[in-house]
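In the working numbering, the protein residues as written are 766 to 975.
Ideal Cβ positions, reconstructed from N, Cα and C, are used throughout, including at glycine.
The structure displayed is predicted, hence computed values, not measured ones.
Working notes, beginning with the structure itself.
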């Protein structure tokens, strides 16, 4: 018999590239019984505590598979921007839905700031708390706007048919009806707009436990 803390240390030594995921699984797993009993709220445990937020922010912002996805998104936007008319004056409008902890945003904004064209980036989330954090974190990027938005609800009138690109990273899966959610996303796009969505397509045991 080995204590779970000892097992965690061994895993971190043997597989350091998965240390963040292991720590998150250990943190949530140690509270699993109280969550299943209803004594503790699972979302509050992860997103409402400093330790939980730090761990899950690593998962969204620094886990290698996610980072690869963000870099692919940025590469697509850079190649698209290189073909746009830089004299038109119309900004490239990008709406991030379910921005959350900003794990993807932090990879995108530096590259967008260097495109050489006008960009209007809207960071949205259902949680005002995440918006407040994002405002502080990304205050140096003057082209970013912030607004409360629920992917499961129809876009506000001023969003309808306005966006060139919609980005959603690890967000749409959390909605109750994927067809409804993606229809609402389409409603916010221009006719020739593009959705870029990052989601897992196969079960991941460690993530499922969390």
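Integer-rounded CB distance, given that residue 914 should sit under 8 Å from residue 958: Actually they are not in contact, since the Cβ atoms of residue 958 and residue 914 sit about 16 Å apart, beyond 8 Å.
Residues that residue 886 bridges to, as DSSP identifies them: 859 and 909
The segment 834-847 / the segment 957-971 touching (three or more Cβ pairs under 8 Å): yes
Rounded separation between residue 887 and residue 875 - CA only: 15 Å
C-alpha gap between residue 878 and residue 820, whole angstroms: 28 Å
Residue 785 and residue 828 closer than 8 Å at C-beta: yes
DSSP three-state assignment for residue 960, whether helix, strand or coil: strand
Buried or exposed (CB count within 10 angstroms, at least 16 for buried), residue 854: exposed
Burial state of residue 938, where buried means 16 or more other Cβ atoms lie within 10 Å: exposed
Within 8 Å, strictly: CB atoms of residue 905 and residue 865: no
Residue closest to residue 912, alpha-carbon to alpha-carbon, out of 781, 861 and 940: 861
Beta-ladder partner(s) of residue 772, from DSSP: Paired residues: none, contrary to the question.
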